[in-house]
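Notes to accompany the following structure.
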Amino acid sequence: MTTETFEFQVEARQLLQLMIHSVYSNKDVFLRELVSNASDALDKLRLAALRDDAPDADVSDLHIELEVDKDARTLTVRDNGIGMSYDEVTRLIGTIANSGTAKFLEELREAKDAAGADGLIGQFGVGFYSGFMVADEVTLVTRHAGETEGTRWTSRGEGTYTLERIGEAPQGTAVTLHLKPADVENQLHDYTSAWKIKEIVKRYSDFITWPVRLLPEPGGDGSDGEGAEAREAETLNSMKALWARPRDEVSDDEYHELYKHIAHDWRDPLETIRLQAEGTFEYQALLFVPSHAPHDLFTQGYQRGVQLYVKRVFIMDDCEELLPPHLRFVKGVVDAQDLSLNVSREILQQDRHIRMIQRRLTKKVLSTVKDLRTSAPDRYATFWREFGAVLKEGLVTDSDNRDAILAACSFASTHDAEEPTALKDYVERMKEGQDDIYYMTGESRQAIENSPHMEAFRAKGVEVLLLTDAVDEVWVDAVGEYEGKTLRSVAKGEIDLSGTEADKSDAEKEKQGEEYAGLLGWMTEHLGEEVKEVRLSSRLTVSPACVVSDAGELTPALENMYRAMGQ
Ligand code: ADP
Ligand code: MG
2 MTTETFEFQV EARQLLQLMI HSVYSNKDVF LRELVSNASD ALDKLRLAAL
52 RDDAPDADVS DLHIELEVDK DARTLTVRDN GIGMSYDEVT RLIGTIANSG
102 TAKFLEELRE AKDAAGADGL IGQFGVGFYS GFMVADEVTL VTRHAGETEG
152 TRWTSRGEGT YTLERIGEAP QGTAVTLHLK PADVENQLHD YTSAWKIKEI
202 VKRYSDFITW PVRLLPEPGG DGSDGEGAEA REAETLNSMK ALWARPRDEV
252 SDDEYHELYK HIAHDWRDPL ETIRLQAEGT FEYQALLFVP SHAPHDLFTQ
302 GYQRGVQLYV KRVFIMDDCE ELLPPHLRFV KGVVDAQDLS LNVSREILQQ
352 DRHIRMIQRR LTKKVLSTVK DLRTSAPDRY ATFWREFGAV LKEGLVTDSD
402 NRDAILAACS FASTHDAEEP TALKDYVERM KEGQDDIYYM TGESRQAIEN
452 SPHMEAFRAK GVEVLLLTDA VDEVWVDAVG EYEGKTLRSV AKGEIDLSGT
502 EADKSDAEKE KQGEEYAGLL GWMTEHLGEE VKEVRLSSRL TVSPACVVSD
552 AGELTPALEN MYRAMGQ
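With the working numbering applied, the sequence shown closes on residue 568, and no number is skipped along the way.
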């Protein structure tokens with residue numbers, strides 16, 4: 002059959018160049034990526050079989066196989082999983098499917114030098130292409146389970162790849178790396194060494210739920226008198242689900258490797274959360290808070306949710322029913338003992354136990370974040386920077402957990418130019434006689450601070466929360482008060498700061514009112530439709546006048562937001 006040559010997409014080419022010329026010190030992770038893909042492919046096939054979607058597939062001995070050929074200087078990673086059709090190879094391997102990669106390349110262009118690029122490889126998952134860190138040629142042979150025809154893909158990573166339809170191919174995918182001579186000669190990077198391979202698999206892929214087998218080398222050294230046929234493949238991983246092992250037996254590194262596998266992230270998570278429920282509805286959960294927000298967290302297509310397992314069997318990625326939208330950044334695994342393996346999305350949506358799990362996970366994540374604030378302020382600060390705006394959505398949508406969410410929240414404040422504050426701390430600092438919690442919403446901290454509305458507060462030293470996320474406009478209304486203190490916008494309605502300090506006496510105010518009555522009346526009349534009323538204000542110290550909304554009205558920023566949403 003014919004072999005066709007194709008060009009890589011521009012982005013893919015850039016990425017490959019980076020891999021080929023990589024000086025990335027931790028090349029070993031290429032194997033983790035290939036094993037991770039193989040494991041995903043096996044999960045997908047088992048699931049298809051459970052659903053009777055793969056009638057012609059062989060699911061009798063699903064596994065991952067590693068094979069080394071020292072003479073040919075190759076390492077092959079083989080799985081008998083779902084495989085790929087010809088079209089899928091074109092779509093998934095010839096282009097950059099992983100959406101995080103676009104961002105990666107953008108940052109790469111900015112990084113320019115090798116050291117910068119090195120750091121970036123460590124941060125972004127580049128999956129399949131990472132093979133080119135150690136190989137000068139990669140061949141992939143695959144057959145989609147149930148199909149008859151296979152596909153061979155090869156590339157030297159340089160700008161083109163070839164595709165060929167082949168008649169015979171085992172079910173699943175085999176990726177063969179033609180290792181760079183320089184690596185093989187260097188003991189540290191000799192990926193034809195059984196010892197090296199065992200070490201990498203143990204370190205990065207031990208928890209993979211499928212056996213990862215190392216085939217005996219053909220011929221071998223024969224010193225023990227046994228022929229190659231007599232020796233058996235060795236399973237390198239323990240296959241133990243981390244969430245089912247006692248906590249003190251699992252190291253942080255092991256948890257982190259699992260996180261990287263399921264989140265397709267190369268960075269360590271910020272926080273690991275474990276949860277076990279026993280009794281009538283038994284389940285284990287292992288949740289992770291990532292250390293970085295994905296770039297598409299606020300887009301429609303964002304795939305939220307955690308992985309669902311039933312009795313150790315992978316059932317689905319992105320199970321949305323297990324966590325509410327405002328915790329959509331959380332990744333992880335929930336393994337339930339008492340669900341059917343055939344459980345469908347429809348069933349999940351109605352299942353009472355699933356709702357119970359969701360409630361419990363939500364509380365646990367919120368309390369973990371709250372505790373971080375005191376136990377690890379730096380990590381809490383990272384959390385807040387990355388996910389605060391998402392979490393605040395819960396103040397509007399999740400009234401059951403409102404207090405817990407508020408306790409996990411921080412707000413920029415005039416109290417400190419850098420550090421955001423907890424509401425609790427704001428309340429503690431409130432001035433004698435101050436009844437309300439003041440805030441102002443706006444585009445940016447600077448815009449708010451320059452607003453005339455802030456003058457009186459600054460002059461009197463009354464603290465104001467500075468809220469700059471779109472969602473802030475909404476939650477302040479939904480929440481209304483905190484510990485009996487009203488949340489009050491400094492830009493709405495009448496502001497009375499007189500209680501906070503010695504102020505103009507009532508008599509004085511009355512006198513002023515009389516004095517200016519004529520002017521105010523005249524102004525109100527002349528501004529006509531533009532304003533409702535012109536009145537004397539105690540909120541200004543320097544500016545002559547400012548525009549204020551009625552207490553119940555939309556602020557200008559919210560008006561803009563609704564307008565932008567087309568309402
Ligand atoms: P990711 O795993 O993050 O999606 P990769 O670059 O590792 O990104 O892989 C790209 C895609 O190629 C995978 O999502 C999968 O669809 C496909 N793929 C890669 N390896 C295999 C494999 N061994 N079997 C089946 N499909 C695979
Ligand atoms: Mg991958």
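In this text, a Cβ means the ideal position worked out from N, Cα and C, and glycines have one as well.
When the Cα of M20 is compared with those of L407, G128, S86, which residue comes out closest?
G128
If we call anything under 9 Å between Cβ atoms a contact, is A286 one with D336?
-> yes
ask   = Can you list, in chain order, the stretches of the beta strand (DSSP E) that have 3 or more residues and sit fully within the region 117 to 204?
value = 136 to 144, 151 to 156, 161 to 167, 173 to 180
message: At the level of alpha carbons, what is the spacing between G485 and D437?
response: 9 Å
Review point. Among residues of its own chain, excluding the 5 on either side of S376, which ones have a beta-carbon nearer than 6 Å to its beta-carbon?
Key: none
- Item | Identified DSSP bridge partners for A278 | Y284
Range covered by the beta strand (DSSP E) that runs through Y440
438 to 442
| task | Using 10 angstroms around the beta-carbon of D249, count the other beta-carbons present and answer buried if the total reaches 16, otherwise exposed. | result | exposed
task: Establish whether the CB of D53 and some CB of chain D are separated by less than 9 Å.
output: As a matter of chain content, chain D is missing from the structure shown, which is built from one protein chain.
Worksheet item: For the putative contact between Y205 and R74, defined by C-beta atoms under 8 Å, what is the C-beta separation to the nearest angstrom?
Response: Actually they do not touch by this definition, with Cβ atoms about 22 Å apart.
DSSP puts C320 in a beta bridge; with which residues?
V307
**Message:** Give me the DSSP bridge partner(s) of F7.
**Reply:** Y162
Rounded separation between E8 and E165 - CA only | 14 Å
Thinking K371 and A409 are a contact (beta carbons under 8 Å), I'd like their distance in whole angstroms, please. 5 Å
- Return the Cβ separation of L309 and P291 in integer angstroms, given the expectation that the two are a contact with Cβ distance under 8 Å. Not a contact, Cβ separation roughly 19 Å.
query: Using the rule of at least 16 other Cβ atoms within 10 Å of the residue's Cβ for burial, across every protein chain shown, is A13 buried or exposed?
result: buried
Q. Is N27 buried or exposed, if buried means 16 or more other CB atoms sit within 10 Å of its CB?
A. exposed
Exercise. Classify L340 as helix, strand or coil using the three-state DSSP reduction.
Key: coil
Notebook entry, point to check: Quick one: Cα of K71 to Cα of L237, how far?
Noted result: 19 Å
What three-state label does DSSP hand I65 in the structure shown?
strand
Give the DSSP-derived three-state secondary structure of A73 in the structure shown.
-> coil
* Asked: Going by the C-beta, is V331 closer than 8 Å to any heavy atom of the ligand ADP?
  -> no
Check your understanding: Within the present structure, is the beta-carbon of S37 separated from the nearest heavy atom of the ligand MG by less than 8 Å?
Key -> yes
task: Put A234 into one of helix, strand or coil per three-state DSSP.
output: coil
Does the distance from the CB of S490 to the CB of T210 come in under 9 Å? no
| message | Helix, strand or coil for D207? Go by DSSP, reduced to three states. | response | coil
| task | Could you tell me if the beta carbon of L265 falls within a distance shorter than 8 Å of some heavy atom in the ligand MG? | result | In the sequence as displayed, the identity of residue 265 is His instead of Leu. Yes, the ligand MG has a heavy atom inside 8 Å of this Cβ.
query = Between I406, H354, V480, which lies nearest to Q338 when the distance is taken from Cα to Cα?
reply = H354
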